[in-house]
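Encoded structure:
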């Protein structure tokens, strides 16, 4: 036990801390505020405190816990809302009302709730870390697989029969008396182990055309969404967390807006998972550490999130984690670094910014899980970045781009024109395009790659033509180029633009593919008409152009039939023209 | 303000260093981080301060009003054992206070019902109710294109010389919730604005008879800079009291928050902290967020806190750290444009840079009108096309544009002249706003109205009986 020697904002320096460890969790002062030791020098420990330090005095006590910051893992995570330290916010709301006070504790997992456990092993079975010993149907969408904690192994001496147990009750005993419960704890800064790492290969279906079709994300991949304010980072992440075809999604609101968080929470209760029709809440975990909540807890929130993601990955699930916004976490590091009077790196950020960011992003991936039965799981990470002044040359964006494989660059000019999602087709990229080609071939159609590249090429041509238009005006262009501009506009407005608030909010890969095919078929036919002497103006005036523009409003289920009509009209209409 | 509620516990005369607004004393046993102190000068005058760092050997104090006349041998510092608190009561309505919370309207001190910490407490995100009640401001560019809802934080980004004060005054004058009838209050925090600007606001509140539902905290340009760090927090604390305890719909106007940020920078420099972009402290985002995040609604409570800060962008630069960080915190922004102002358009609202993130929840059937979303998107699309063509036509002239392009050029002009532009005392209800929108949209070929669902075209397009406009007049 030590005593406070100095307090400066969220940093407390305590004396008499012999025997403490780096990253050990401590309780500070009368209110037992949670903190973490981030530096040791002789008997003196530097502590970052996760809560507001107002009222702390020199001489107040500091109590070590002997443990690093850990996450509680077990049934009860799904549908929960946590702060950065995994305090259950719903419990706090019911217990103490709508405002957060300091020093409060609320267990992450409900200790009284009983879960229906179905064992999968029997007495005498040898088990090791990662083996599935039973299951709990946590929500209609998620079967929680109870796995042996990674650091345990032995022969099962006793296992409880099917029945209802709390997370703390013993459900199995291994030889030598080691006990297994439905919950276990894991240090958030330590990556959970797996058997082997696999390459990403399958498409993460997001329902967003610009992602799925143009810049695909792979299961187990990592991507970044940088953008100035108002460009739609938060909406893009919300859309991912809503529609991504995964088993479990984790949404981290890190240093962002409370009203948006409330909005997300409400919408997840109301929206239904497209395949099952169940409320999305049944596959979602939220971490809400809004910008007015303690700064230091922002770092804890991202590591807490990724630890929970790995835990579900270890069950053999595909997990998507979105973090909004990693810049706020980086700023927290900068603030702490400044208080510690560390030598600052670029723009005042600590020199270890890059390695901190990679210690987070690198925990994504597709893996063969530990233990039996054999299974594959993945963690996909997509982080928002908020570059000051929308200038991507700043350190957080640049350090992030060194790590991620897919970039979804949000463009202020597009957002100002209300082209949403404002993901720029000229500066975004995905290194997974080759990896997921097989997936498209098997699941949708063989010509995906070809169509995608053709569409990207048309958009590139448009950008070049626009330069010319600026000089000589649109009328002076040759008819062929006018048609290219028309088709590019169709790709932009009728394909890439996607509303969050209509049937178009989730677009199946099949619908996306048929939409693109329709536009390309129109292009081919229009080219033929042009060869026969038609003018771009006439082609633009065809009624089928308006029909194509409205095709995104056709629901996924009936799209295939209805698009047929457009094709028929295209045949007839274009012949007439 | 902040009359002591307890006996003075600790006092020291061991002063070591005084500079700017920072005072360093020797180690004071029992001194708390962030507590309030009173610095008593030799003359007996008292200054308010706050502990910003404690250590065994020293205590650092930030003195509001600066350390002038402090001498290191004759002064005493009293530690009050508490964080800064504002005495609050319902009687605050109709009163004017200075930037420290003392009445300056000649009236008596208020009899407090409670003392509230000026930093407030964060709202549990799980207890928030998403803002969704449309506030009709009567200004087309706000109601039609960037709707404001209760519990939102929506700043006005302006530039020096632009009419932001008049726009804010118009909003205060006209704002109401459809079907309203509930009590509401305006809390005005003047942060380092000129005496004339402060007087303008007070006059305009007075002229609408709104003074008795207003609380004002006024720190003018001539008041101490350091005080500006607390003035907005006082305003927010008063608003929270009115909203969460009294059930009122509180609208907080903070003008001009650029001055707040300057004060923060000054303070940071005095503390010799590592500066961030353009010298502003690295924690400015968090500092601003702890204030703006106090906006919102809480499930199970009647009241709400809506915040409208005014920011003058230095050199009209929206990427300057002050508007930039603000934009990352607030739920959108209303941006005033010098270009439109020069064209004589009032309010000179830059509709491209302006944005309301909470709009989607506040509009639509039952709230505004079913066609609102489609109309708003179509207006944006068409105006942006028109603007793009304007750019081109300045180089190549209108002759080399197509006929369709010329229609869009004309649309952009009409949009500015009829939709954006409106009188300072003209209150347009949402039906009028949408009616004007339909009128100008009808200039475009009907096939181009791709963003409006077909059923609404049939219902509201002037070509089909002009229901858009006619309905308004019948209303």
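Residue numbers (our numbering), protein chains in the order written: chain A, 1 to 577; chain B, 1 to 475. All C-beta atoms, glycine included, are put in the ideal place defined by N, C-alpha and C.
Reduced DSSP secondary structure (H/G/I, E/B, other) of residue i
i: residue 36/B; result: strand
i: residue 17/A; result: coil
i: residue 48/A; result: strand
i: residue 425/A; result: coil
i: residue 507/A; result: coil
i: residue 576/A; result: Reliability fails at residue 576/A, whose pLDDT of 49 lies under 50, so the model's placement of it is uncertain and the value that follows must be treated cautiously. Of the three classes helix, strand and coil, the one that applies to residue 576/A here is helix, per DSSP.
i: residue 217/A; result: coil
i: residue 165/B; result: helix
i: residue 165/A; result: strand
i: residue 454/A; result: helix
i: residue 385/B; result: helix
i: residue 431/A; result: coil
i: residue 352/A; result: coil
i: residue 138/A; result: strand
i: residue 8/A; result: strand
Span separating the alpha-carbon of residue i from that of residue j
i: residue 274/B; j: residue 427/A; result: 34 Å
i: residue 170/A; j: residue 178/A; result: 10 Å
i: residue 369/B; j: residue 485/A; result: 35 Å
i: residue 72/B; j: residue 13/B; result: 8 Å
i: residue 276/A; j: residue 438/A; result: 26 Å
i: residue 254/A; j: residue 288/A; result: 6 Å
i: residue 98/A; j: residue 125/B; result: 8 Å
i: residue 110/A; j: residue 87/A; result: 11 Å
i: residue 280/A; j: residue 265/A; result: 10 Å
i: residue 468/B; j: residue 431/B; result: Annotation note: pLDDT 45 at residue 468/B (below 50); position unreliable, no value reported.
i: residue 346/A; j: residue 301/A; result: 24 Å
i: residue 47/A; j: residue 293/B; result: 27 Å
i: residue 220/B; j: residue 353/A; result: 41 Å
i: residue 192/A; j: residue 150/A; result: 8 Å
i: residue 562/A; j: residue 435/B; result: 34 Å
i: residue 44/B; j: residue 37/B; result: 15 Å
i: residue 364/A; j: residue 322/A; result: 11 Å
Own chain, CB closer than 8 Å to residue i, minus 5 neighbours either side, in chain order
i: residue 43/A; result: 2, 15, 16, 17 and 18
i: residue 93/B; result: 185, 212, 213, 214, 215 and 242
i: residue 16/B; result: 24, 25, 26, 58 and 72
i: residue 35/B; result: 50, 51, 79, 80, 81, 82 and 83
i: residue 474/B; result: In this predicted model, residue 474/B has a pLDDT of only 35, less than 50, meaning its place in the structure is not dependable; the value taken from the coordinates is given anyway. So no residue of the chain qualifies.
Beta carbon of residue i nearer than 8 Å to that of residue j
i: residue 85/A; j: residue 297/A; result: yes
i: residue 39/A; j: residue 12/A; result: no
i: residue 324/A; j: residue 250/A; result: no
i: residue 20/B; j: residue 67/B; result: yes
i: residue 311/B; j: residue 172/B; result: no
i: residue 423/A; j: residue 410/A; result: yes
i: residue 33/A; j: residue 27/A; result: yes
i: residue 379/A; j: residue 313/A; result: yes
Cutoff 7 Å; reference residue i; Cβ partners in own chain excluding five residues on either side
i: residue 233/B; result: 118, 119 and 291
i: residue 373/B; result: 363 and 364
i: residue 412/A; result: 228, 231 and 390
i: residue 444/A; result: 509, 510 and 513
i: residue 499/A; result: 505
i: residue 295/A; result: 10, 332 and 335
Neighbourhood of residue i by C-beta distance below 6 Å, restricted to the same chain and skipping five residues each side
i: residue 139/A; result: 78 and 282
i: residue 258/A; result: 290
i: residue 420/A; result: 232
i: residue 386/A; result: 325 and 327
i: residue 471/B; result: Only weak support is given to the placement of residue 471/B: the predicted model assigns it a pLDDT of 41, under 50, and the value that follows is read from those uncertain coordinates. Closer than 6 Å at Cβ, skipping near neighbours: no residue.
* Inside the region 290 to 336 of chain A only - alpha helix (DSSP H) runs reaching at least 4 residues -> 297 to 313
* Quick one: which unbroken alpha helix (DSSP H) runs of 4-plus residues sit fully inside the region 220 to 285 of chain A? Chain order, please. => 233 to 243 and 258 to 270
* In chain order, which beta strand (DSSP E) runs of at least 3 residues are fully inside the region 97 to 165 of chain B? -> 114 to 117, 134 to 136 and 156 to 158
* Those runs of the beta strand (DSSP E) which lie wholly inside the region 357 to 424 of chain A and span at least 3 residues -> 365 to 368 and 376 to 385
* Asked: In chain order, which alpha helix (DSSP H) runs of at least 4 residues are fully inside the region 239 to 297 of chain B?
  -> 257 to 270 and 284 to 292
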